[in-house]
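A.B. asks: Residue numbers (the working numbering): 726 to 937.
No residue lacks a Cβ here, since even glycine has one placed at the ideal position from N, Cα and C.
#1: Along the chain, where does the alpha helix (DSSP H) containing residue 788 start, and where does it finish?
#2: To the nearest angstrom, how far is the alpha carbon of residue 924 from that of residue 813?
#3: Here's the rule: buried if 16 or more other CB atoms are within 10 angstroms of the residue's CB, otherwise exposed. What is residue 785?
#4: To the nearest angstrom, how far is it from the Cα of residue 870 to the Cα of residue 817?
#5: Measuring only the C-alpha atoms, how far is residue 714 from residue 842?
#6: Could you check whether the region 894 to 908 touches the region 825 to 840, counting it as contact only if at least three pairs of C-beta atoms, one from each stretch, sit closer than 8 Å?
#7: On the CB-based measure, 16 or more other CB atoms within 10 Å of its CB, does residue 744 come out buried or exposed?
#8: Only counting the same chain, and skipping five residues up and downstream in sequence, which positions put a Cβ closer than 6 Å to that of residue 919?
#9: Assess contact between the region 761 to 774 and the region 798 to 808, defined as three or more Cβ pairs (one per stretch) separated by less than 8 Å. Is contact present?
#10: Pull up the CB-CB distance for residue 789 and residue 849, whole angstroms please, since I reckon it's below 8 Å.
#11: With a Cβ-Cβ cutoff of 9 Å, do residue 795 and residue 857 count as a contact?
#12: Excluding the five sequence neighbours on either side, which residues of its own chain have a C-beta within less than 7 Å of the C-beta of residue 868, listed in chain order?
#13: Which same chain residues, not among the five before or five after residue 810, have their C-beta less than 8 Å away from its C-beta?
Laid out in structure tokens, this is it:
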């Protein structure tokens, strides 16, 4: 009960859940691109108002950056959990699991995946994509170093790790966003390609083996 003379306080910005707003913004940005997306469209999708969005995000670029930060965190957590589950597999099965992890993430979060991989209208300059790529490549290199008994910081291992990540991302992009190839077939083809490349490069890598 409000006492006499006491003012009813309006909910502040913190009273509005941000996750639904960021989900709505990610959908609009992924579907329309940064340039064509409007704050009004995002507000409508999020069942809110432009003033509410501006209370939390100073402008469209800030909102876009927050969407990327959120989506990269989801992608990193999803992929790293999948990598942990695949640590004790054979090289072929581990590569297949790594590739499948990208497809699973893309299927679970299609708008977020599009934000990450669609460079046609990538929005304002940001180093977030480079940071995410570096984190994933480094994690894959560490795992490959253990499997191959090689220094994970060696150029050959870094090259292999970058190939795994790049091939997985673009295989998922081609299958799910471009040509509608059956995901199971795309995963199998990409995994065979990557595993073959890994073996060929491992055989010729000049890096000395690391003592266990």
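C.D. replies: In short:
#1: Locating residue 788 in the chain shown gives position 63, counting from the first residue. Element bounds for residue 788: 785 to 810.
#2: Reading the chain shown from its first residue, position 199 is the one you call residue 924. Reading the chain shown from its first residue, position 88 is the one you call residue 813. So the alpha carbons of these two residues sit roughly 18 Å apart.
#3: Indexing the chain shown from 1 puts residue 785 at position 60. Taking a 10 Å sphere around the C-beta of residue 785, we find 16 or more other C-beta atoms and assign the residue as buried.
#4: Here residue 870 refers to the residue found at position 145 of the chain shown. Here residue 817 refers to the residue found at position 92 of the chain shown. About 15 Å.
#5: One cannot answer for residue 714 here, as it falls past the ends of the chain, which runs 726 to 937.
#6: Yes, the region 894 to 908 is in contact with the region 825 to 840.
#7: Position 19 of the chain shown holds residue 744. A residue is called buried when at least 16 other Cβ atoms come within 10 angstroms of its Cβ; residue 744 does not meet this threshold and is exposed.
#8: Walking along the chain shown from the start, residue 919 turns up at place 194. Closer than 6 Å at the Cβ level, and outside the excluded window around residue 919, lie 820, 889, 892.
#9: With a cut-off of 8 Å, the region 798 to 808 and the region 761 to 774 do not count as touching, because too few Cβ pairs lie within range.
#10: Within the chain shown, numbered from 1, the residue matching residue 789 stands at position 64. Within the chain shown, numbered from 1, the residue matching residue 849 stands at position 124. Right, the Cβ-Cβ distance comes to about 7 Å (below 8 Å), so this counts as a contact.
#11: The residue given as residue 795 occupies position 70 in the chain shown. The residue given as residue 857 occupies position 132 in the chain shown. Result no, Cβ atoms of residue 795 and residue 857 do not sit closer than 9 Å.
#12: In the chain shown, counting from the first residue as 1, residue 868 sits at position 143. Cβ within range, chain order: 808, 812.
#13: In the chain shown, the residue the question calls residue 810 occupies position 85. Around residue 810: 822.
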